[in-house]
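**Student:** Starting off with a structure, shown below.
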Amino acid sequence: MKAKARESGISFVRFLAALAGLRPGEFGATSGQKKPCLRGIRPAAASAALALLLLAATALWTRPALAQTVLTPQPGPALAITSVPVNTIYPGDHYDPHVDGNWVVYTSDIEIHYYDLGTGTDAGIPMDTSLQDLLSDVQGGRIVYSRVLPDGTVAIMLFDITSGTRTEIDPQPGHTRFSAKIGGDTIVYVDSNLATGGEVIVYDLPTKTPTRLTNDLEIDQNPRLSRDGNTLVWEHCQSTGTLCDIWQAVKSNGTWTVSVASNDPSHEEFPDTNGNLIVYDSDRPNGAGDIFYRPVSGGTETQIQLPGIQINPKIAGSYVVFESRNGGLGDIFLYDILANQFYNLTNTSSLNEELDTLTLLPSGEVIVVYDSDEHGTTNRSVHALRFMGPSSAPNQPPAPAIVSSPANPTNLASAYFTYSDSESGVTFQCSLDGQAFSPCASSGVNYTVADGSHTFAVKAVDSLGTASVPASDAWVVDTVPPSISIVAPANNASYVLNSSLHATYSCTDSGTGVAACAGTAANGAAISTASAGAMSFTVNASDNAGNTASQSVSYAISYNVCLLYDPTKARKSGSTYPIQIQLCDAAGHNVSSSGIIVQALSVTRLTTNAPGVLDDAGNSNPDFDFRYDSGLGGYIFNLKTTGFSTGTYNLNFSAGSDPVVHSAPFQIK
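Next comes the structure, spelled out in structure tokens:
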């Protein structure tokens, strides 16, 4: 029967005893397990401590449930293990060791020590005699631990080995906090003052910001962090303390997302994570107790089926260490996920060894730390085991490749990606524009996106939960066509025959830029004005995303009118007014000819634009056409002015293909 009697080893019991006021040596030994005798308890802390101790000692059994995949590992060959006793200089009760690199930290009676495996030196974190320091963790030369204060409350402390500085994490007077762990720049702990069962808090060291992850009446306990500090697991137990599930929280883009990692009807405990996999033990099937693991991202749960009771797993890389218990005593084992082999690291039938954690060095060396009882005493000692990792085939992470993706740039808002990985059995996680990765179909994924720059990334996750480095693709969406501005010829403008006219236009695109911009004539080139008539000019443009635009303007090439009479000389109403003109170009050259028909259209009064009577005198202008006179080199229209009142008028006329209506002024007296 497994006893939920510690956070790690007997450490949690010792922590609770410290709350209750027990000093070192006030523990009695029963059947190889350290249990508090509760002598000399402080009344102020007794009630809460006793309640927690009873909870910690509850045996938990539920109906069995089968995992999705069951593996029966084979024994591996013997490992070349070097056993290193930690701190043989200072006497006392040494327990709760943790390791990172060459640093081993542990509790020595009621203070925290740190031991350098490389140099063999040991030192303690300074403390006042009225305080008690317990239950530590270490990473990168930083140690977190619990400090029991004189009033019986507990603070979380951070100690920097290099600088020797000590800092209390988010001080909250009167609060009791415990189970501190560190990963990256994240510290996690449980605050028992926030709810009956305690709540999980993560603390971001750079911003000095605490974030509460749980808020319920259940019991949240035993948190563990991945090395990078972005994945957290803990036990979420019923308020009665009779059933626990494994919960997880994953940090992405500064936000923590909480979810249930495993909620099997059986009891599950002692979770740990390497950021890819979660390991834990469960009393299924039939209460025997085995180690289980599953990917953080979800998917298949795997059971490591071994004889006896396996508890308290810890993971680094693809290695899982755990305790295997027989008759109340424990030995330490290692399981290689890649090879599906297990290794007996300790084999001492008369000693009780309790695992705390392991670390995996870049060289492939594994360091496991544990504490064990000492013959003839109630004290415990800390040990480290060093050996090269046994796996001959290191787990190579998947390497996904993006097979198809949108053109870059593109004018399509729909973006479809396909991807693959040479490793079979992988699942994929996708991310758009830096959002959190989420599962995506192996057949591909389609997005609808707005204009602008976008990034797509895909990770492959193998059956061990090992995630690849993301494969990524960047592209630009631009659905807006270019803008066109035509300055010359101007829309609806009129240009005189044979005048100077040069094309002036521009194309702009605020998205992917202009790829082509071409008009009827090149920008800056001369446009012919040699023929009168209605004209058009068109500019076509395209951008680098394939959007196109076209703009046209209409303009006229028109004659200049040269008057061959004095328009200021008034004639009497009723007389014939000979209107004589020439069609000229911009330089004043006469371009009149008999082939160009000039036709009178109307008469209007200049001041009021009121219409007058259009009529010719005699028969010299049939159909109101001007008569071409070769001797004059121009045109004559004999206007009949009968009934015209005094004033200034215009004779309006057209000239050949010229779309502009021209006017010849005259005065009547």
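Everything in the sequence shown is counted per the numbering used here, starting at 144 for the first residue and increasing by one. Every residue gets a Cβ at the ideal spot worked out from N, C-alpha and C, and that includes glycine. Please read these numbers as outputs of a predicted model, since none were measured by experiment.
On the CB-based measure, 16 or more other CB atoms within 10 Å of its CB, does proline 414 come out buried or exposed?
**Tutor:** In the sequence shown, counting from the first residue as 1, residue 414 sits at position 271. Its Cβ being crowded by 16 or more others within 10 Å, proline 414 is buried.
**Student:** Skipping 5 residues on each side, what residues in its chain have a beta carbon closer than 7 Å to that of aspartate 621?
**Tutor:** Taking the sequence shown and counting its residues from 1, the one referred to as residue 621 is at position 478. Answer for aspartate 621: Pro552, Asn554, Asp594, Gly654, Thr655, Asp686, Ala688, Asn690, listed in chain order.
**Student:** Which partner residues of histidine 805 appear in the DSSP bridge assignment?
**Tutor:** One-based indexing of the sequence shown puts residue 805 at position 662. Phe796, per the DSSP bridge assignment.
**Student:** Answer with buried or exposed for threonine 750, where buried requires no fewer than 16 other C-beta atoms within 10 angstroms of its C-beta.
**Tutor:** The residue you call residue 750 lines up with position 607 of the sequence shown. Under this definition threonine 750 is an exposed residue.
**Student:** Thinking serine 813 and threonine 400 are a contact (beta carbons under 8 Å), I'd like their distance in whole angstroms, please.
**Tutor:** As displayed, the chain neither begins before 144 nor continues past 812, which places residue 813 out of reach and without an answer.
**Student:** Please confirm whether serine 800 and alanine 636 have their CB atoms less than 8 Å apart.
**Tutor:** Taking the first residue of the sequence shown as 1, we reach residue 800 at position 657. Taking the first residue of the sequence shown as 1, we reach residue 636 at position 493. The answer is no: Cβ separation not under 8 Å.
**Student:** Any idea if leucine 360 is buried or exposed, counting beta-carbon neighbours within 10 angstroms, 16 or more meaning buried?
**Tutor:** Here residue 360 is taken as the residue at index 217 of the sequence shown, counted from 1. Exposed, because fewer than 16 other Cβ atoms sit within 10 Å of the Cβ of leucine 360.
**Student:** Alpha carbon to alpha carbon, what distance is there between valine 619 and serine 565?
**Tutor:** Within the sequence shown, the letter at position 422 stands for residue 565. Within the sequence shown, the letter at position 476 stands for residue 619. Each residue's alpha carbon lies about 29 Å from the other.
**Student:** With contact counted as at least three CB pairs below 8 Å, one residue from each stretch, are the segment 670–684 and the segment 599–614 in contact?
**Tutor:** Counting Cβ pairs under 8 Å, fewer than three are found: no touch.
**Student:** Look up proline 438 in the DSSP assignment and say whether it is helix, strand or coil.
**Tutor:** Here residue 438 refers to the residue found at position 295 when the sequence shown is read from its first residue. Three-state result, proline 438: strand.
**Student:** Quick one: grab the DSSP three-state call for proline 765.
**Tutor:** Mapped onto the sequence shown, residue 765 falls at position 622. Three-state DSSP puts proline 765 in a helix.
**Student:** Leaving out the 5 sequence neighbours to the left and right, which residues in its chain are closer than 8 Å to glycine 372 when beta-carbon positions are compared?
**Tutor:** As a position in the sequence shown, residue 372 is number 229, starting the count at 1. So the qualifying residues of the chain are Ile325, Gly326, Gly327, Asp328, Thr329, Lys394.
**Student:** Going by other Cβ atoms of all chains shown within 10 Å of its Cβ, with 16 needed for buried, is threonine 319 buried or exposed?
**Tutor:** Numbered from 1 along the sequence shown, position 176 holds the residue referred to as residue 319. The residue is buried, with at least 16 neighbouring Cβ atoms inside 10 Å.
**Student:** According to DSSP, simplified to helix, strand and coil, what is lysine 812?
**Tutor:** Locating residue 812 in the sequence shown gives position 669, counting from the first residue. Note: lysine 812 maps to coil in three-state DSSP.
**Student:** Below 7 Å CB to CB, which residues in the same chain sit around glycine 261 once its five sequence neighbours on both sides are set aside?
**Tutor:** Stepping through the sequence shown from its first residue, residue 261 is reached at position 118. Taken in chain order, the residues that qualify are Asn245.
**Student:** What is the C-beta distance between alanine 850 and phenylalanine 787, in whole angstroms, given that I count them as a contact (C-beta under 8 Å)?
**Tutor:** Given that the chain is displayed from residue 144 to residue 812, the structure contains no residue 850 and the question cannot be resolved.
**Student:** For asparagine 455, does the count of other Cβ atoms within 10 angstroms reach 16, so buried, or fall short, so exposed?
**Tutor:** Here residue 455 refers to the residue found at position 312 when the sequence shown is read from its first residue. Buried, since its Cβ has 16 or more Cβ neighbours within 10 Å.
**Student:** Taking DSSP as the reference, what is the three-state secondary structure of lysine 394?
**Tutor:** Working through the sequence shown from its first residue, we reach residue 394 at position 251. Here lysine 394 sits in strand by DSSP.
**Student:** Report the rounded CA-to-CA distance for alanine 210 versus serine 409, giving the unit in angstroms.
**Tutor:** Here the question's residue 210 lines up with position 67 in the sequence shown. Here the question's residue 409 lines up with position 266 in the sequence shown. Reliability fails at alanine 210, whose pLDDT of 48 lies under 50, so the model's placement of it is uncertain and no value is given.
**Student:** What residue range does the beta strand (DSSP E) around alanine 298 cover?
**Tutor:** Counting from one through the sequence shown, the residue named residue 298 turns up at place 155. Residues 297–303.
**Student:** In its own chain, which residues sit with a C-beta less than 6 Å from the C-beta of alanine 669, not counting the 5 before and 5 after it?
**Tutor:** Translated into the one-based positions of the sequence shown, residue 669 becomes position 526. Excluding sequence neighbours, alanine 669 sits near His645.
**Student:** So threonine 681 and serine 693 are in contact, right, with Cβ under 8 Å, and what is the actual spacing, rounded?
**Tutor:** Taking the sequence shown and counting its residues from 1, the one referred to as residue 681 is at position 538. Taking the sequence shown and counting its residues from 1, the one referred to as residue 693 is at position 550. Correct: roughly 6 Å between the Cβ atoms.
**Student:** Could you give the distance in angstroms between the alpha-carbon of methionine 678 and the alpha-carbon of alanine 753?
**Tutor:** Counting from one through the sequence shown, the residue named residue 678 turns up at place 535. Counting from one through the sequence shown, the residue named residue 753 turns up at place 610. So the two alpha carbons sit approximately 31 Å from each other.
**Student:** How many angstroms separate the CA atom of lysine 783 from the CA atom of proline 808?
**Tutor:** Within the sequence shown, numbered from 1, the residue matching residue 783 stands at position 640. Within the sequence shown, numbered from 1, the residue matching residue 808 stands at position 665. In a straight line, the C-alpha of lysine 783 is about 14 Å away from that of proline 808.
**Student:** Taking only three categories from DSSP, how would you classify arginine 309?
**Tutor:** Residue 309 sits at position 166 when you count from the first residue of the sequence shown. Strand, per DSSP.
**Student:** Assuming threonine 500 is part of the beta strand (DSSP E), what are its boundary residues?
**Tutor:** As a first step, residue 500 must be located in the sequence shown, where it is residue number 357. First-last of the beta strand (DSSP E) with threonine 500: 496–503.
**Student:** If we call anything under 8 Å between Cβ atoms a contact, is proline 543 one with tyrosine 562?
**Tutor:** Indexing the sequence shown from 1 puts residue 543 at position 400. Indexing the sequence shown from 1 puts residue 562 at position 419. Against a cut-off of 8 Å, the Cβ pair of tyrosine 562 and proline 543 comes out as a contact.
**Student:** For glycine 587, which of helix, strand or coil comes out of DSSP?
**Tutor:** In the sequence shown, counting from the first residue as 1, residue 587 sits at position 444. Of the three classes helix, strand and coil, the one that applies to glycine 587 here is coil, per DSSP.
**Student:** Between which two residues does the beta strand (DSSP E) carrying aspartate 265 extend?
**Tutor:** Walking along the sequence shown from the start, residue 265 turns up at place 122. 265–267 is the span of the beta strand (DSSP E), which, as asked, contains aspartate 265.
**Student:** Just the Cα atoms here: how many angstroms apart are valine 741 and asparagine 795?
**Tutor:** Position 598 of the sequence shown, counted from the start, is the residue given in the question as residue 741. Position 652 of the sequence shown, counted from the start, is the residue given in the question as residue 795. Cα to Cα, valine 741 sits roughly 10 Å from asparagine 795.
**Student:** How many Å lie between alanine 298 and valine 422 at the Cα?
**Tutor:** Translated into the one-based positions of the sequence shown, residue 298 becomes position 155. Translated into the one-based positions of the sequence shown, residue 422 becomes position 279. Rounded to whole angstroms, alanine 298 to valine 422 spans 28 Å at the Cα level.
**Student:** Would you kindly report the start and end of the unbroken beta strand (DSSP E) that includes proline 366?
**Tutor:** Here the question's residue 366 lines up with position 223 in the sequence shown. Taken as a continuous stretch (DSSP letters only), the beta strand (DSSP E) holding proline 366 covers 362–368.
**Student:** Only counting the same chain, and skipping five residues up and downstream in sequence, which positions put a Cβ closer than 6 Å to that of valine 803?
**Tutor:** Locating residue 803 in the sequence shown gives position 660, where the first residue counts as 1. The residues are Ser637, Ala699, Ser701.
**Student:** Relative to the C-alpha of phenylalanine 599, which residue among Tyr720, Ala614, Pro582 is closest?
**Tutor:** What you label residue 599 is simply residue 456 of the sequence shown in a count that begins at 1. Of the listed residues, the one whose Cα sits closest to phenylalanine 599 is Ala614.
**Student:** Start and end of the beta strand (DSSP E) containing isoleucine 286?
**Tutor:** Within the sequence shown, numbered from 1, the residue matching residue 286 stands at position 143. Isoleucine 286 -> beta strand (DSSP E) spans 285–291.
**Student:** Could you tell me if isoleucine 232 is buried or exposed, where buried requires 16 or more neighbouring beta carbons within 10 angstroms of its beta carbon?
**Tutor:** In the sequence shown, residue 232 corresponds to position 89, counting from 1. The residue in question, isoleucine 232, is exposed, as its Cβ has fewer than 16 Cβ neighbours within 10 Å.
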